[in-house]
Ligand code: SLL
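Numbering (UniProt numbering), first residue to last: 5 to 174.
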């Protein structure tokens, strides 16, 4: 449909990862050299009580058609394509790397895909002494859970009328 010149609308999202060290109890099928289980995801950042109650926090599927998570080439079939919510990939591994998150919009949007980049984080931040010269050796903290998320806003400029209606009706 026609584009609405001068109209700008955005949708808030978060993308990032959680990670947990693998323990003997949680290893399951993970290879011996894998140290962490992690989930990388793209989610809505809209709070559930702002009117977008349909489908809950993960439901960005009213404007997102698919999300492709491109993992490090050490993974089998590294381009993981997710076609419905939750838009996320859970894996195990040993190393941190850059994940490309490519977002394709519903066809009514007539928008090009956009990409986010997230540095997959496995290791919790360890506090460092203010003055390294004065420090006694820093005790290694237990490798705890990681939460590494970025907030962003997907901005649609001059949206099609059909797409604007879809966004506003949700
Ligand atoms: C590094 N630049 O060298 C990074 C690459 C890749 C991590 C990390 C794969 C596990 C598997 C995995 O954890 N890759 O082979 O299934 O630290």
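Heads up, the beta-carbon is just placed ideally off N, CA and C, and yes, glycines get one too.
Any non-hydrogen atom of the ligand SLL closer than 7 Å to residue i Cβ
i           : result
residue 127 : no
Under the three-state DSSP convention, the category residue i falls into
i           : result
residue 167 : helix
residue 113 : helix
residue 69  : strand
residue 8   : coil
residue 124 : coil
residue 75  : coil
residue 56  : Below a pLDDT of 50, predicted positions are generally treated as unreliable, and residue 56, at 49, falls in that range; the measurement from the model is reported next regardless. Here residue 56 sits in coil by DSSP.
Cα-Cα separation, residue i to residue j
i           : j           : result
residue 114 : residue 173 : 18 Å
residue 49  : residue 65  : 13 Å
residue 40  : residue 70  : 26 Å
residue 34  : residue 167 : 43 Å
residue 120 : residue 106 : 6 Å
residue 68  : residue 147 : 35 Å
residue 55  : residue 13  : Summary for residue 55: the model assigns pLDDT 49, below 50, so the residue's position carries little reliability; its value from the coordinates is reported in the next sentence. If I take the Cα positions, the gap works out to 16 Å.
residue 92  : residue 151 : 14 Å
residue 97  : residue 103 : 13 Å
residue 86  : residue 46  : 10 Å
residue 36  : residue 157 : 39 Å
residue 19  : residue 154 : 5 Å
residue 79  : residue 9   : 44 Å
residue 163 : residue 74  : 28 Å
Original post:
Which residues have their C-beta within less than 7 Å of a heavy atom of the ligand SLL, listed in chain order?
Top reply: 35, 38, 76, 78, 79, 97, 98, 99, 100 and 101
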